[in-house]
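Visitor:
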Amino acid sequence: MSECTIQGELFPGFSRRCIEVTFDGGSVTSEGGLLLVRQADLHLGLLERVARHLPDRRNPLLVKALS
Numbered sequence: 001m002s003e004c005t006i007q008g009e010l011f012p013g014f015s016r017r018c019i020e021v022t023f024d025g026g027s028v029t030s031e032g033g034l035l036l037v038r039q040a041d042l043h044l045g046l047l048e049r050v051a052r053h054l055p056d057r058r059n060p061l062l063v064k065a066l067s
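Under this note's numbering, the first residue of the sequence shown is numbered 1, with each subsequent residue one higher.
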């Protein structure tokens with residue numbers, strides 16, 4: 001039997017919109033959720049904002065940026 005957890009607020013700050021996530025899609029691909037997250041991130045720029053606050057201690061001469 002599976003264990004269920006309830007999470008009250010998945011995306012705080014979206015007070016005017018309701019975001020609902022369910023796992024009862026039947027036979028679907030496991031990568032589908034990542035496509036949705038990617039599109040949301042491209043629209044909202046969440047990862048870019050988070051990255052600004054994370055220090056990168058790597059040697060910049062050895063890092064190749066992906067674009």
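Note that CB positions come from ideal geometry on N, CA and C, so glycine has one too.
Quick check on the DSSP output: the alpha helix (DSSP H) that includes Arg49 runs from which residue to which?
Guide: Numbered from 1 along the sequence shown, position 49 holds the residue referred to as residue 49. From DSSP, the alpha helix (DSSP H) with Arg49 extends over Leu46 to Arg52.
Visitor: Would you call the CB atoms of Leu34 and Asp41 closer than 8 Å?
Guide: Taking the first residue of the sequence shown as position 1, residue 34 is located at position 34. Taking the first residue of the sequence shown as position 1, residue 41 is located at position 41. Result no, Cβ atoms of Leu34 and Asp41 do not sit closer than 8 Å.
Visitor: Would you identify the three-state DSSP class for Pro55, choosing helix, strand or coil?
Guide: Indexing the sequence shown from 1 puts residue 55 at position 55. Residue state, collapsed to three classes: coil.
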